[in-house]
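Notes follow once the structure below has been shown.
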Amino acid sequence: MKISIIGNAKLVGSEMSFSAEIKLCTGLFATCLPPIDLFHEIKFMTGHCMHKRSPSQESAIHQMSIPAFLGQLGEYNILDKKTTKVLEDVRETVVKELMKDAIETLGDLVSEFKDKMDFCVSANIPVPPFDLTFFDMRYYFMVGPVPLSLGFGAGGSVGMGVKVGLCVLSMTTQLTLTPWIGGKVWGDVAVDIFIARGGVRLIGYLMETKFPMLTELVFSKHPIDVGAKMDLVLTPLRLKLKAFAELNLIFKRVTVYEGCLWQYAVPKIVKNIFHKKKQKDDPSPPNIMPATENERRKRSGTRGCIVKQIPNRPYYDPAFSIEMHAQDDTSEIKLFYAIGTHRGGTNLHDWTQMGGSSLMVPERLPGGVPIYWSVKAKNSQGQEVISQCSLDTYDSTLPDGRVEHSFKFSSHPNKLIASVVAFEDSPLVETHYKAIGFSPGQYGSQFVDWQELNLDHSATRIETTGSLKYFTVPREGKLVAWILSSQKTSTPEMCAQKCIAYGSNCVSFDFEHHSETCDLHDVIEGANAYLRISGTYSNYERLGSGYHTPLEYANLSLTHGTTYFVNTRVRNVLGYDAYLIGEGTMVDFTTPEPGPINIASETYRADKCEAAITQRCTDVTWKINHRIIVDGPGSGTVFNGHEPLYDELYTLTNHYIAANWKGFHDNESGIWGYTWAVGTTVCGTDIVSYRDPYAHLSSKKFWTDSGFQKGIHLPDGPYYVTVQALNGAELGGSLVTTVCHSTPFIVDTSPPVFGGVTDIIYDEDFDLIAIYYDANDDLSNISHAEFGLGKTKYDVQLKAYSLHASMDRDDPFVAVEDLGLQEGIPAWIRIRVTNNVDLFTSGHGDEPILIDKSPPNPGTVLDGKRLQSDRQYQSDNKTICAQWVDFFDPESGIDRYVWGVGTSVGSENVVKFHNLTRYDKSSCAQALLSHNTMYYSTVFAYNNALNSKSANNTSDGGNYCLFTIL
């Protein structure tokens with residue numbers, strides 16, 4: 002809210018007029034009430050003359066009024082706070098200068114100005130002057146075709162001024178006689194034709210002398226005071242240059258234009274000739290009378306001045322009334338007053354005449370400290386007497402304070418709790434008002450209408466000693482407000498002493514522990530100031546001098562998602578009304594929401610205080626306050642391990658547990674805290690019971706959305722993480738959402754089990770090999786396998802390990818393309834399997850492998866069991882034998898033999914083909930032989946190559962004969 006005074010000045014000829022108006026504006030001076038005239042076209046003579054000329058063309062901006070100019074600035078979005086402040090300062094300065102003399106002259110016209118007005122009338126009695134011309138000569142001549150004239154003259158004037166006046170309140174009559182005399186000379190040059198003449202004239206006024214004589218009669222006291230005064234006013238020289246135009250009529254010359262081009266005057270000489278005043282001596286000072294009257298209209302009571310602040314005025318326009326009665330039987334008395342912050346002081350307001358025995362003055366004075374008035378009664382003889390009076394405080398501010406909503410968020414369905422904190426220089430009235438609404442301030446009474454309220458004084462802290470017991474417990478932050486005083490103190494205790502010593506105006510202080518800075522304030526947190534977190538600042542509010550009253554509303558029907566404001570209207574004895582407001586209480590009946598989640602199961606329970614270990618059990622609600630969710634595959638809210646948003650399934654670590662989460666939110670009251678737990682079952686807590694992961698942190702800004710627990714020992718196996726999120730509701734208790742993560746993390750500290758190589762398949766055309774192996778890990782499974790070739794069982798010198806993905810099948814294998822093993826070089830197969838915690842087990846084949854692309858060289862097959870003898874006949878019909886020699890392979894050697902017997906070459910109808918070791922050179926088999934039948938033994942020799950090849954040969958046959966040959 003701003004009060005704007007707009008002044009205008011006009012200059013017409015030698016006459017200047019002033020106008021001023023006042024109006025009340027809001028915002029950036031764009032919205033104002035209709036203006037009220039202070040005064041309109043008050044005229045003043047400038048003492049200068051101006052020649053007539055056409056007005057100059059000014060720019061559009063110069064012609065704008067201030068409101069129009071501000072409107073244009075707003076149109077172009079350049080009307081910021083700084084620009085507005087500059088324009089306001091310029092306007093106030095200009096108006097102040099323009100109105101300085103006018104306010105002094107017209108101050109008596111305003112009822113609340115310090116000097117009372119006097120009703121005076123005066124009249125000038127005209128006396129015609131006597132003018133005398135000494136000579137007046139004119140010469141005519143031609144300058145080419147132009148007729149000119151040159152004139153000279155001299156003269157003098159004598160006159161008398163008569164003025165009479167009467168002032169009613171001061172009971173004074175005046176008579177002023179002013180005789181005067183002066184001389185003048187002039188000269189002009191003009192273009193002179195018969196009917197007209199025009200030119201310039203210089204006039205000199207010489208020794209203008211005046212003798213004003215004033216006679217004054219004051220009849221307010223007896224005997225009557227009579228005074229006389231004579232002054233000398235002398236102007237030695239005054240010059241004026243004029244332009245003129247004249248017309249010659251038949252009998253008269255008429256001036257049609259005359260204007261002043263330039264003028265100059267020597268400073269006047271003013272001197273008093275005499276000033277005499279006849280009055281009776283009065284050696285005694287005035288008598289101070291009692292300020293009150295009794296029932297018989299006689300003054301009684303304490304003598305001296307009485308001062309009080311005027312109630313029921315706007316706080317931004319405070320006023321005081323001061324009254325003192327004094328009398329003097331002989332002399333006239335004038336009363337003066339002064340104001341200071343100490344007895345007899347004048348540092349706030351210097352001595353000023355009152356103009357009567359009582360006075361009402363609108364003035365802003367410092368608040369919160371005692372103010373002292375000194376009233377002086379002075380008679381016309383110069384004798385004076387002084388009386389003093391004071392106010393404990395002079396209040397020009399609204400009552401300050403706030404409504405502290407005890408709980409910013411609430412889950413209680415029908416209760417609100419708050420408290421009123423108020424500080425005020427002036428005493429408060431007994432009855433105030435409270436209401437509940439959907440908005441803060443005056444109009445916040447939509448939910449519960451205004452009701453009467455009584456405020457109680459705040460008490461000191463009994464449990465605390467020293468100066469701090471007069472202040473509240475510290476609150477983190479620095480008060481953003483005007484600083485009364487800033488000092489250096491080493492402790493908050495010393496800062497509290499400084500505040501108390503400052504006086505009642507200090508109602509709070511800030512203390513910065515790091516820099517040991519003590520800032521004193523005359524306000525507390527409220528509508529005019531707020532707390533801001535800054536370094537290590539703490540804020541303390543003064544107790545005892547203020548008011549602190551708890552408020553509690555019950556049996557309300559509160560609505561979810563609505564913010565309710567408890568508002569109070571506080572009034573002091575001066576009639577200043579202030580609406581104290583707070584931040585309100587948001588009502589929240591819903592549990593927090595998780596992040597992306599696939600819900601496998603969900604339950605709701607009314608667990609009251611048992612909903613979480615960090616539950617705030619303040620009037621805890623009886624309604625459902627706990628939501629339990631078991632998540633399914635693909636959920637993105639709770640994760641195992643410390644890596645954000647990554648679900649760790651397997652871990653080698655068994656001495657600590659970590660978990661992280663993301664996405665918990667509550668749109669109404671936000672997330673107040675988390676707890677987490679770990680168990681061997683879903684939602685279990687047998688390994689790590691519920692605990693607050695941020696209990697050691699001082700602020701939410703340090704939260705990491707993760708939990709960590711060390712100092713434990715975990716046996717191998719699966720474990721499940723559970724996370725709880727608590728919303729910000731305090732009254733009624735927090736509402737809790739529990740998410741049980743159904744995907745476990747598995748602790749595995751053992752390596753995989755390797756069962757060996759089960760089969761090898763090699764394709765020499767594509768140089769591709771497949772190795773089948775047996776490996777398993779019951780906990781963390783097989784992550785991958787690696788294949789290599791070595792010269793021995795224990796190295797991979799021939800082919801380094803290559804990585805191969807694990808196969809989810811009963812007979813996993815490793816397939817290697819482009820094996821690249823040179824022919825004839827033996828190599829050991831190496832297989833290394835690794836589980837998901839990076840533990841591995843290595844193994845090798847039973848024997849080395851070798852690549853040989855040529856078959857063995859076939860040997861000879863002999864029938865019978867006699868060494869190196871080929872038997873043609875035999876008589877044993879139950880056994881058949883064979884032997885073989887000279888089978889060999891120069892590259893890879895013989896790996897095994899296969900032998901079978903049949904009645905034809907290559908057949909096995911007698912003895913089935915069967916494997917024999919490479920060390921076997923002969924073999925016998927049970928068989929039932931037929932008489933006179935040929936039996937053929939066939940032997941296959943297989944080499945040791947990876948792609949094993951064979952060579953075979955068949956005996957020439959042996960005959961079984963039943964009879965003995967002679």
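Per the numbering used here, the sequence shown runs over residues 2 to 967.
For each residue, glycine too, the CB sits at the ideal point set by N, CA and C.
Thinking just about the alpha-carbon of each residue, which of the options is nearest to the one in residue i?
i	options	result
PRO148	THR173, VAL190, ALA124	VAL190
THR473	SER546, VAL481, ASP450, GLN443	SER546
TYR721	SER743, LYS377, VAL912	SER743
ALA659	CYS121, HIS697, ASP706, GLN616	ASP706
THR134	THR174, GLN175, TRP187, VAL128	TRP187
ASP426	THR465, ASP864, VAL797, CYS507	CYS507
LEU732	PHE408, PRO891, THR739	PHE408
THR177	GLY166, TYR317, SER150, VAL271	GLY166
LEU349	ASN573, SER358, TYR338	TYR338
GLN382	LYS663, GLY671, PRO284, PHE914	PRO284
ILE463	ALA786, ASP393, LEU544	LEU544
LYS624	THR591, GLY596, GLU644	THR591
TYR140	ASP193, PHE120, ALA771	ASP193
SER700	GLY674, LEU715, GLY708, CYS684	GLY674
Taking C-beta to C-beta, are residue i and residue j nearer than 8 angstroms?
i	j	result
ALA972	LYS416	Residue 972 falls outside the range modelled here, since the chain spans only 2 to 967, and no answer is possible.
TYR494	LEU521	Here the sequence assigns Glu to residue 494, which means Tyr is not the residue at that position. Not a contact, by the Cβ cut-off of 8 angstroms.
ASN540	ASP511	yes
GLY583	ALA419	yes
ILE182	THR210	yes
GLY1011	GLY844	Here the chain comprises residues numbered 2 to 967, so residue 1011 is not present and cannot be evaluated.
TYR580	GLY368	no
TYR577	PRO400	yes
ALA601	ASP632	yes
ILE881	VAL902	yes
VAL163	VAL128	yes
ASN944	GLY894	yes
HIS666	VAL567	no
In chain order, what residues of the same chain have a beta carbon less than 6 angstroms from the beta carbon of residue i, not counting five sequence neighbours either side?
i	result
ASN249	ILE196
LYS53	Note on LYS53: pLDDT 40, under 50, position unreliable in the model; the coordinate value appears next. So the list reads GLY260, once near-sequence residues are dropped.
ALA952	PRO856, PRO857, PRO859, ALA942
PRO849	PRO827, ALA828, TRP829
ALA246	GLY199, VAL257, TYR258
SER446	ALA436, GLY438
Taking the alpha helix (DSSP H) that residue i falls in, what are its first and last residues?
i	result
LYS609	Taken as a continuous stretch (DSSP letters only), LYS609 belongs to no alpha helix (DSSP H), as it is neither H nor E.
GLN498	493-503
For residue i, which residues of its own chain have a beta-carbon under 8 angstroms away from its beta-carbon, when the five flanking residues on both sides are left out?
i	result
LEU653	VAL748, ASP749, THR750, VAL838, ASP839, LEU840
PHE703	TYR695
ILE966	With a pLDDT of 44 at ILE966, under the threshold of 50, the predicted position of this residue should be treated as unreliable, and no value is reported.
TRP483	HIS522, ASP523, VAL524
GLY28	Low per-residue confidence applies at GLY28: pLDDT is 49, beneath 50, and the placement is therefore not dependable, though the value from the model is reported in the following sentence. Correct list: empty, nothing qualifies.
Since residue i and residue j are thought to touch, with beta carbons under 8 angstroms apart, how far apart are those beta carbons, to the nearest angstrom?
i	j	result
VAL449	ILE437	4 angstroms
LEU863	GLN884	5 angstroms
GLY791	TYR802	Actually they do not touch by this definition, with Cβ atoms about 10 angstroms apart.
ASP329	PRO287	4 angstroms
PRO312	VAL571	Incorrect: roughly 15 angstroms between the Cβ atoms, too far for contact.
GLN264	LEU242	7 angstroms
PHE513	GLY536	This sequence places Glu at residue 513; Phe is not what is there. The Cβ separation is near 6 angstroms, so the contact holds.
Starting from residue i and walking both ways along the beta strand (DSSP E), at which residues does that stretch end?
i	result
TYR763	754-764
TRP483	TRP483 -> no beta strand (DSSP E), and no H or E assigned at all.
ASP232	226-249
ILE534	That residue, ILE534, is in no beta strand (DSSP E); it is neither H nor E in DSSP.
GLY160	147-168
MET208	197-211
CYS519	518-522
CYS882	880-886
Return the chain-ordered list of same chain residues with a C-beta closer than 7 angstroms to the C-beta of residue i, the five sequence neighbours on each side being excluded.
i	result
THR106	Bear in mind that a pLDDT of 45 at THR106, under 50, signals an unreliable position, so the number given afterwards is only what the model happens to contain. Here the set comprises nothing.
ARG682	According to the sequence as given, residue 682 is Thr; it is not Arg. So the list reads TYR721, once near-sequence residues are dropped.
ASN954	PRO859, GLY860, THR861, VAL862, VAL940
SER375	TYR338, ALA339, GLY345, ILE387, GLN389
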